[in-house]
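The next block holds one structure in the form of structure tokens; read it before the comments.
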Amino acid sequence: MLTLSHDDFERLVIDQLDLLPDDMVDGLENVIFVVEDRPEDGTLDTLGLYDGVALTERGQYGFGEMPDRIILFREPLLAIVEDLDELRDEVHVTLVHEIAHFYGIDDDRLHELGWA
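Quick note, in full-length UniProt numbering, the sequence shown goes up one by one and the last residue is 116.
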């Protein structure tokens, strides 16, 4: 298992966000990205989570809404990689996966596309 401080992990996530295509991130409105050590249940099985209402399921959405959150879980991601290159790859895939949920793409479709 790779070890990386919370601050260094956050920097890596920011770097990976910067590498995503503009057309993927330009539509992200009222979304924050958060790094947490583990999910609330303490499991190492969950790498990321989209906490919000997908664009395809929103009725009226506007001023005063709490932001949606895309959460990356540091310890589960570190537990599945051997080195920084693998971590970058896993963070990239996790970001794409969770952003896809924002756009209303479900897990079945993500599996079909190879982003699960």
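Glycine included, C-beta positions come from ideal geometry on N, C-alpha and C. Treat the numbers as computed from the prediction; the structure is a model and nothing was measured.
Complete runs of the alpha helix (DSSP H) confined to the segment 48–81 [at least 4 residues]
74–79
Kindly indicate which residue of Asp106, Ile71, Ile80, Leu110 has the alpha-carbon position closest to the one of Val13.
Here residue 13 is taken as the residue at index 13 of the sequence shown, counted from 1. The shortest C-alpha separation from Val13 is found at Ile71.
Residue interval of the beta strand (DSSP E) (run including Glu36)
Numbered from 1 along the sequence shown, position 36 holds the residue referred to as residue 36. From DSSP, the beta strand (DSSP E) with Glu36 extends over 31–36.
Taking C-beta to C-beta, are Leu4 and Leu95 nearer than 8 Å?
For the purposes of this step, residue 4 is taken as the residue at position 4 of the sequence shown. For the purposes of this step, residue 95 is taken as the residue at position 95 of the sequence shown. No; because the gap between Cβ atoms is not below 8 Å, this pair is not in contact.
Does the segment 80–87 come close enough to the segment 96–103 that 3 or more CB-CB pairs lie under 8 Å?
no
Extent of the continuous alpha helix (DSSP H) run through Met1:
Along the sequence shown, read from residue 1 onward, the residue named residue 1 stands at position 1. Where Met1 is concerned, there is no enclosing alpha helix (DSSP H), given that its DSSP letter is neither H nor E.
Best match in Glu40, Leu44, Asp18, Asp45 for proximity to Phe33 [C-alpha to C-alpha]:
On the sequence shown, position 33 is the one that residue 33 refers to. Nearest of Glu40, Leu44, Asp18, Asp45 to Phe33, Cα basis: Asp18.
Can Val91 and Trp115 be called in contact, C-beta distance under 8 Å?
Counted from its first residue, the sequence shown places residue 91 at position 91. Counted from its first residue, the sequence shown places residue 115 at position 115. Their beta carbons are not under 8 Å apart, which means Val91 does not touch Trp115 by this criterion.
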